[in-house]
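Quick notes on the structure that follows.
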């Protein structure tokens, strides 16, 4: 089992460029999440999808959009990248947002630098 | 607003020197407290879920405990391979987990 797969692993963008971070899970999980991790800030939730067809804002949604393409895939889009979006982005999934008994399964992350 | 505070920020232990990591939390209606391990350059890896005060979970040299205000991750006779950042997270009334900033553990031979 691959678990949660994120692409790309590394990316450098110029200010104002756009890009989409891809995430796919093969565990038949219902819920998916996007977090960013910055030094000294911990993991902060950007957006989540409790189930296919639904998305909701997290703690830091400004500058991002998401799409739950199907049950397996949840993408994160930066429309106009800013240096403040330099971070490590993690996608995660869980069986259910309502009962995360078994925790989240995280991908290996995308390291994004905006110059 | 849910809050999670982890201490210490960093901890250095000799191999075999037992210690504990602390996670203090404030949450409206705790629906789970979670411990994760994160190795450099990787995503967090799930360790434990605790739901109610008094609950304990164990895995190899790790033991997690929970009270109404805090959780402890006890590490017994650690080995160098236990070196990692340990993250604590809580689930309150919202859907997603709120994470602390983590404790960076280094175990030296």
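Residue numbers (my numbering), protein chains in the order written: chain F, 1 to 115; chain X, 1001 to 1109.
Ideal Cβ placement from N, Cα and C applies to all residues, glycine included.
- Residues of chain F with CB under 8 Å from residue 1100 of chain X, in chain order? As a position in the second chain, residue 1100 of chain X is number 100, starting the count at 1. Result: 42.
- If you follow the beta strand (DSSP E) that residue 48 of chain F is part of, which residue opens it and which one closes it? Along the first chain, one-based indexing puts residue 48 of chain F at 48. It spans 42 to 49 - the beta strand (DSSP E) in which residue 48 of chain F sits, taken as one unbroken run.
- Query: At a Cβ threshold of 7 Å, is residue 107 of chain F touching chain X?
  - Reply: Locating residue 107 of chain F in the first chain gives position 107, counting from the first residue. So yes, residue 107 of chain F belongs to the interface.
- Message: When you compare the CB of residue 47 of chain F with every CB in chain X, is at least one pair closer than 7 Å?
- Response: As a first step, residue 47 of chain F is located in the first chain; it is residue number 47 there, counting from the start. Not an interface residue.
- Query: Checking contacts by CB at 7 Å: is residue 1044 of chain X closer than that to chain C?
  - Reply: Looking for chain C here will not work: the only protein chains present are F and X.
- Message: Rounding to the nearest angstrom, what Cα-Cα distance links residue 54 of chain F and residue 110 of chain F in this structure?
- Response: If you number the first chain from 1, residue 54 of chain F lands on position 54. If you number the first chain from 1, residue 110 of chain F lands on position 110. Cα to Cα, the separation comes out at about 23 Å.
- Message: Helix, strand or coil, according to DSSP, for residue 26 of chain F in the structure here?
- Response: For the purposes of this step, residue 26 of chain F is taken as residue 26 along the first chain, with counting starting at 1. In the structure shown, residue 26 of chain F sits in coil (DSSP, three-state: anything other than H, G, I, E or B).
- Query: Mind checking residue 10 of chain F: buried by the 16 CB within 10 Å criterion, or exposed?
  - Reply: As a working mapping, residue 10 of chain F is identified with position 10 in the first chain. Residue 10 of chain F comes out exposed.
- Message: Given a cut-off of 7 Å on the beta-carbon distance, is the pair residue 75 of chain F and residue 17 of chain F in contact?
- Response: Indexing the first chain from 1 puts residue 75 of chain F at position 75. Indexing the first chain from 1 puts residue 17 of chain F at position 17. No; because the gap between Cβ atoms is not below 7 Å, this pair is not in contact.
- Of all Cβ atoms in chain F, is any one closer than 7 Å to the Cβ of residue 1049 of chain X? Counted from its first residue, the second chain places residue 1049 of chain X at position 49. With 7 Å as the cut-off, residue 1049 of chain X counts as an interface residue toward chain F.
- Task: Buried or exposed for residue 1078 of chain X, please, with buried defined as at least 16 other CB atoms from any protein chain shown within 10 angstroms of its CB.
- Result: What you label residue 1078 of chain X is simply residue 78 of the second chain in a count that begins at 1. By the 10 Å Cβ count, residue 1078 of chain X comes out buried.
- Message: For residue 1022 of chain X, report the span of its beta strand (DSSP E) as first-last.
- Response: As a first step, residue 1022 of chain X must be located in the second chain, where it is residue number 22. That run of the beta strand (DSSP E) goes 1019 to 1026.
- Query: Shortest alpha-carbon distance to residue 1060 of chain X belongs to which of X:1046, X:1075, X:1052?
  - Reply: The count along the second chain starts at 1 and reaches residue 1060 of chain X at position 60. Looking at the Cα atoms, X:1075 is the closest of the given residues.
- Where residue 56 of chain F sits in the DSSP three-state scheme: Position 56 of the first chain, counted from the first residue, corresponds to residue 56 of chain F. Of the three classes helix, strand and coil, the one that applies to residue 56 of chain F here is strand, per DSSP.
- Message: Using DSSP's beta-bridge definition, name the partner residues of residue 1056 of chain X.
- Response: Against the second chain, residue 1056 of chain X aligns to sequence position 56. DSSP lists X:1065 as partners of residue 1056 of chain X.
- What separation, rounded to the nearest whole angstrom, lies between the Cα atoms of residue 1022 of chain X and residue 19 of chain F? In the second chain, the residue the question calls residue 1022 of chain X occupies position 22. In the first chain, the residue the question calls residue 19 of chain F occupies position 19. So the alpha carbons of these two residues sit roughly 39 Å apart.
- Query: Whole-angstrom Cβ separation of residue 68 of chain F and residue 52 of chain F, contact assumed at under 8 Å?
  - Reply: On the first chain, position 68 is the one that residue 68 of chain F refers to. On the first chain, position 52 is the one that residue 52 of chain F refers to. Confirmed, Cβ separation roughly 6 Å.
- Query: With a CB to CB cut of under 6 Å and the five nearest residues on each side skipped, what residues in its chain are close to residue 105 of chain F?
  - Reply: Residue numbering aside, residue 105 of chain F sits at position 105 when the first chain is read from its first letter. Around residue 105 of chain F: 3, 4, 93.
- Give a yes or no on whether the minimum CB-CB distance between residue 10 of chain F and chain X is below 7 Å. In the first chain, residue 10 of chain F corresponds to position 10, counting from 1. Taking Cβ atoms only, chain X never reaches closer than 7 Å to residue 10 of chain F, which makes this a no.
- Query: Of the residues F:14, F:35, F:84, which one's Cα is nearest the Cα of residue 90 of chain F?
  - Reply: Stepping through the first chain from its first residue, residue 90 of chain F is reached at position 90. Minimum Cα distance to residue 90 of chain F is reached at F:35.
- Find out if the Cβ-Cβ distance for the pair residue 44 of chain F, residue 59 of chain F is shorter than 7 Å. Taking the first chain and counting its residues from 1, the one referred to as residue 44 of chain F is at position 44. Taking the first chain and counting its residues from 1, the one referred to as residue 59 of chain F is at position 59. Yes. Within cutoff.
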